[in-house]
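Protein chains: 2
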Amino acid sequence: MKKILTAALLTLSFQLAAQSNYEREIKSIYDEALTNGKCYATLEYLCKNIGNRLSGSEQAEKAVQYMFSKMKSYNFDTVYLQPVMVPHWVRGAKEEAFIAKGFEKFDVRICALGGSVNTPEKGLDAEVIEVKSLAELKKLGREKIQGKIVFFNRPMDPTIINTGVAYGKAADQRGSGPSEAARYGAVGAVVRSLTHANDDYPHTGSTHYNDSFPKIPACAISTKGADALSNLIKLQTPSKVRMYMKLNCKTLPDVQSYNVIAEIEGNEKPNEIILVGGHLDSWDVGEGAHDDGAGCVQSIEALRIIKQLGYKPKRTLRAVLFMNEENGNRGGIEYARVAAIDKSITHIAAIESDLGGFTPRIFSVDDDNIIPYLKNWEKYFVSYGIEHFQKGWGGVDIGPLKAQGTKLIGYLPDTQRYFDYHHSEADTFDKVNKRELELGAASMSALLWLLSEEGINK
Amino acid sequence: MKKILTAALLTLSFQLAAQSNYEREIKSIYDEALTNGKCYATLEYLCKNIGNRLSGSEQAEKAVQYMFSKMKSYNFDTVYLQPVMVPHWVRGAKEEAFIAKGFEKFDVRICALGGSVNTPEKGLDAEVIEVKSLAELKKLGREKIQGKIVFFNRPMDPTIINTGVAYGKAADQRGSGPSEAARYGAVGAVVRSLTHANDDYPHTGSTHYNDSFPKIPACAISTKGADALSNLIKLQTPSKVRMYMKLNCKTLPDVQSYNVIAEIEGNEKPNEIILVGGHLDSWDVGEGAHDDGAGCVQSIEALRIIKQLGYKPKRTLRAVLFMNEENGNRGGIEYARVAAIDKSITHIAAIESDLGGFTPRIFSVDDDNIIPYLKNWEKYFVSYGIEHFQKGWGGVDIGPLKAQGTKLIGYLPDTQRYFDYHHSEADTFDKVNKRELELGAASMSALLWLLSEEGINK
Chain A
1 MKKILTAALL
11 TLSFQLAAQS
21 NYEREIKSIY
31 DEALTNGKCY
41 ATLEYLCKNI
51 GNRLSGSEQA
61 EKAVQYMFSK
71 MKSYNFDTVY
81 LQPVMVPHWV
91 RGAKEEAFIA
101 KGFEKFDVRI
111 CALGGSVNTP
121 EKGLDAEVIE
131 VKSLAELKKL
141 GREKIQGKIV
151 FFNRPMDPTI
161 INTGVAYGKA
171 ADQRGSGPSE
181 AARYGAVGAV
191 VRSLTHANDD
201 YPHTGSTHYN
211 DSFPKIPACA
221 ISTKGADALS
231 NLIKLQTPSK
241 VRMYMKLNCK
251 TLPDVQSYNV
261 IAEIEGNEKP
271 NEIILVGGHL
281 DSWDVGEGAH
291 DDGAGCVQSI
301 EALRIIKQLG
311 YKPKRTLRAV
321 LFMNEENGNR
331 GGIEYARVAA
341 IDKSITHIAA
351 IESDLGGFTP
361 RIFSVDDDNI
371 IPYLKNWEKY
381 FVSYGIEHFQ
391 KGWGGVDIGP
401 LKAQGTKLIG
411 YLPDTQRYFD
421 YHHSEADTFD
431 KVNKRELELG
441 AASMSALLWL
451 LSEEGINK
Chain B
1 MKKILTAALL
11 TLSFQLAAQS
21 NYEREIKSIY
31 DEALTNGKCY
41 ATLEYLCKNI
51 GNRLSGSEQA
61 EKAVQYMFSK
71 MKSYNFDTVY
81 LQPVMVPHWV
91 RGAKEEAFIA
101 KGFEKFDVRI
111 CALGGSVNTP
121 EKGLDAEVIE
131 VKSLAELKKL
141 GREKIQGKIV
151 FFNRPMDPTI
161 INTGVAYGKA
171 ADQRGSGPSE
181 AARYGAVGAV
191 VRSLTHANDD
201 YPHTGSTHYN
211 DSFPKIPACA
221 ISTKGADALS
231 NLIKLQTPSK
241 VRMYMKLNCK
251 TLPDVQSYNV
261 IAEIEGNEKP
271 NEIILVGGHL
281 DSWDVGEGAH
291 DDGAGCVQSI
301 EALRIIKQLG
311 YKPKRTLRAV
321 LFMNEENGNR
331 GGIEYARVAA
341 IDKSITHIAA
351 IESDLGGFTP
361 RIFSVDDDNI
371 IPYLKNWEKY
381 FVSYGIEHFQ
391 KGWGGVDIGP
401 LKAQGTKLIG
411 YLPDTQRYFD
421 YHHSEADTFD
431 KVNKRELELG
441 AASMSALLWL
451 LSEEGINK
């Protein structure tokens, strides 16, 4: 009996010691990020000296080289480039557009949706019909839609607190709207920018053509522009509202690009990998600061901190900067394909940061089953602003790893500001707060550390 | 037995019904704030058409009139001005300063601390000695300090997650530093700006002279300026570092001003008051957007929402825009003095928003004893971003009510960005996010509503 009691007490005291070690180690991780952090300066260079970096562009290539050299400078165990062929869509000359009704006519700010075809050389001019949903489009049918430009104008729902959820509920207009409009004979599509901000930035993003229907030119209009257009349509006068748009975009042949990868080898289970990542490409407007320069510099920083502190992870830690999240996810798909070939390694878990460099709030966990296990770690994070491990999305880039059994975890910062900047000229470095960015990097680093040491023993 | 059971079930079902009512009502409060919110537009006017508004200034008077008329426009039951005499310190012409060592000399950006005396007409020029703390100052003593300008250069501690706490730990340099320097014969004081931001904005704030010592001119220097000055001092050359400063500030006679007050009368216990407030004055730099225009417009909005939804509060709800928080707290003191006279009324609880219009996180509660009771309400708030009711500070303006037994509650949004702007030219309207401001207003309104209905039955 005494022996059992002693053994039990010993186990308990080991557990308590481990817990208090983690508390100390995690405090050191945050301290390093906040006193000696490198990610803010790296992001500044990426945004200000390279700028936006759509897949296939010269800047994307520069970003690959810069981040590769940055990783090299930290002397990680391995740093390498993983080749991947990516699409090469280009915007061409700046878009032009106006809306007109009777004698009224005014210019509006638009930008082509990613993947859109161009208009004819002389532009496209047609009557505009406003809809709020794909269901409404269907109800109107070919009779009302044929020959027109369809204007999708359902705002993101402001009463949904998580703006990512509100975005998801409005995004069908951009993703499927143009092809659905073409189904009924539309000649063009214009989509209200997916943002709560009331300003004059058009927000781009991919549209996905359905090959069964003609590919029609498709653009985003700013929220102010959308409201102006809608108000013009509401005016009860006999003349019709027309819109003119000229898009100069085109799709060029695929281009060779790279995922950028760095690794700290595990010293007990080197074949078990814990991944942290973001995507290095961005849309071709703004500077890709929050989307997703932030996630990239945080991922490197998460590894750098662990190395700097001299921690020796049991499992292998890998930072991956994926290419081509925005218009194809070729990097994510290729990474998972290559990972699946090598049967000797297993990707235990993958963490992605792709919702901006804002103040920490949540780790969202793709697999319900491991949430109870991860919730035991909330105690390590709550004083740093991470309040919950809860059911949610992992990330686009790490998504293809799910088929291999990898547990996917999204870093979810506060969501209120993200879509104000997302996919627009407003996504610039000055919108990123240094400490918020660093707190995110430290949160990812701390979770990486726990996963390295403990695995996922659900 | 059956009767008891029935009674128990009835009680339980009433409780559940009340809970589900509160959930619905609180959802309506947030929905109103996010779809029909008025506080952002009010703040824009306050910042852009009136601007900063130090006590005693013409703009402070304009702000009183504007907010009074804004409250009137919402048809609250009572709207009135409460007179209060306030200090009238003026900055005068813009400050000038340079630092010099040997042949090196460069201009630096400073601003007089609030309440500072001016320098002589021709400015003040003296050798600079750097200290990191009041303890270090004491150790150096009169021998080292006499005749010099003392440079207080202890940064806020970046490893403290709550920046308000880090601010509190560094603020003795500004509040007491100049007088403590004068104790040892210093002729001037320059204080590192209390911010984590690395930029060139000097951040002002009050200094408090100790009447036992000479009043010496005191200013803040930007963090970039402070680093430059410190580096210059560190250079191991024989020539001494001097600083020149010219401050043109002075204190004029007190001025009549006002607290601005609006009320919705309670329909069951009208003599029990639940207060919500912020302060209408600001420093004389920037636009007083986060400090504390945000708290003022949120306080009005908290009442407006309840009125707009047709809720009939049991207790009286009162929004108070206090005058003179920044350099005297005369408004807060006068409000409490007047409140204490009328023995027929009781201030049950007071909520203050004075930490910026950022995304919601916490209600901080001054009195430990009521925290267990309030924690029962966390369930209503967690999905809106308020995660905790926890021990903490109420607010400067509501502080004097504590002597009457009023329970003090601070609205504590995320703290990472606040001190980047606080008391500086950077505190402008564009730094405020509309949804974050609205979520704060709704959180305050929801708490006001719960307090009105339930009181504080600890």
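Quick note, the sequences are listed as chains A and B, same order. Position 69 of the first sequence, counting from 1, maps to 69 under the numbering used here, and the rest follow consecutively. Position 212 of the second sequence, counting from 1, maps to 212 under the numbering used here, and the rest follow consecutively. A virtual CB, placed ideally from N, CA and C, is assigned to each residue, including glycine.
Tell me the DSSP bridge mates of residue i?
i: Ile110/B; result: Ile221/B
i: Met245/B; result: Ala97/B and Leu124/B
i: Ala319/A; result: Ala262/A and Val276/A
i: Phe151/A; result: Glu130/A and Val190/A
i: Lys269/A; result: Arg315/A
Can you name the start and end residues of the alpha helix (DSSP H) that residue i belongs to?
i: Glu136/A; result: Leu134 to Ile145
i: Val191/A; result: Premise fails: Val191/A lies in the beta strand (DSSP E), Gly188 to Arg192, not in any alpha helix (DSSP H).
i: Lys70/A; result: Glu58 to Ser73
i: Arg545/B; result: Within the shown structure, residues of chain B are numbered from 1 to 458, placing residue 545/B beyond reach of any answer.
i: Pro372/B; result: Ile371 to Lys375
i: Gly332/B; result: Arg330 to Ile341
i: Gln173/A; result: Asp172 to Gly175
i: Asp211/B; result: Asp211/B -> no alpha helix (DSSP H), and no H or E assigned at all.
i: Lys379/A; result: Glu378 to Phe381
i: Tyr418/A; result: Tyr418 to Tyr421
Please report the residue range of the beta strand (DSSP E) in which residue i lies.
i: Thr89/A; result: The sequence as given places Trp at residue 89/A; Thr does not occur at that position. Per DSSP, Trp89/A belongs to the beta strand (DSSP E) from Thr78 to Val90.
i: Phe363/B; result: Pro360 to Val365
i: Glu352/A; result: Thr346 to Glu352
i: Lys407/A; result: Lys407 to Pro413
Looking at the structure shown, is residue i part of a helix, part of a strand, or coil, going by DSSP?
i: Asp470/A; result: The shown model of chain A, from 1 to 458, leaves out residue 470/A, and the question about it has no answer.
i: Asn21/B; result: helix
i: Lys431/A; result: helix
i: Gly102/B; result: coil
i: Gln236/A; result: coil
i: Lys402/B; result: helix
i: Lys391/A; result: strand
i: Ser206/B; result: strand
i: Ser230/A; result: helix
i: His290/B; result: helix
i: Arg183/A; result: helix
i: Asn49/A; result: helix
i: Gly440/A; result: helix
i: Trp283/A; result: coil
i: Gly164/B; result: helix
i: Ile29/B; result: helix
Using the C-alpha atoms, what's the distance from residue j back to residue i?
i: Thr237/A; j: Lys215/A; result: 32 Å
i: Asn21/B; j: Ala97/A; result: 49 Å
i: Phe358/B; j: Glu325/B; result: 20 Å
i: Lys314/B; j: Ala166/B; result: 40 Å
i: Asn376/A; j: Asn457/A; result: 12 Å
i: Thr207/A; j: Glu25/A; result: 45 Å
i: Lys486/A; j: Arg192/B; result: Chain A is shown from 1 up to 458; residue 486/A falls before or after that span and cannot be answered.
i: Ala302/B; j: Leu275/B; result: 11 Å
i: Lys250/B; j: Val117/B; result: 6 Å
i: Tyr66/A; j: Val86/B; result: 57 Å
i: Asn201/B; j: Ile221/B; result: The displayed chain sequence assigns Tyr, not Asn, to residue 201/B. Those two C-alpha atoms are separated by around 8 Å.
>> Against chain A, which members of the region 400-420 of chain B pass a CB distance test of less than 8 Å?
In response: Asp414, Gln416, Arg417 and Asp420
>> Against chain B, which members of the region 144-173 of chain A pass a CB distance test of less than 7 Å?
In response: Pro158, Thr159 and Ile161
>> Using a Cβ-Cβ cutoff of 9 Å, what residues of the region 419-447 of chain B are near chain A? List them in chain order.
In response: Asp420, Asn433, Lys434, Arg435, Glu436, Glu438 and Leu439
> Residues in the region 183-214 of chain B with C-beta within 9 Å of chain A's C-beta atoms, listed in sequence order?
Replying inline: His196, Ala197 and Asn198
> Closer than 9 Å, Cβ to any Cβ of chain B: which residues of the region 355-386 of chain A, in chain order?
Replying inline: Phe358, Thr359, Arg361, Val382, Ser383, Tyr384 and Gly385
> Which residues, in order along the region 31-50 of chain B, keep a beta-carbon less than 8 Å from a beta-carbon of chain A?
Replying inline: Asp31, Leu34 and Thr35
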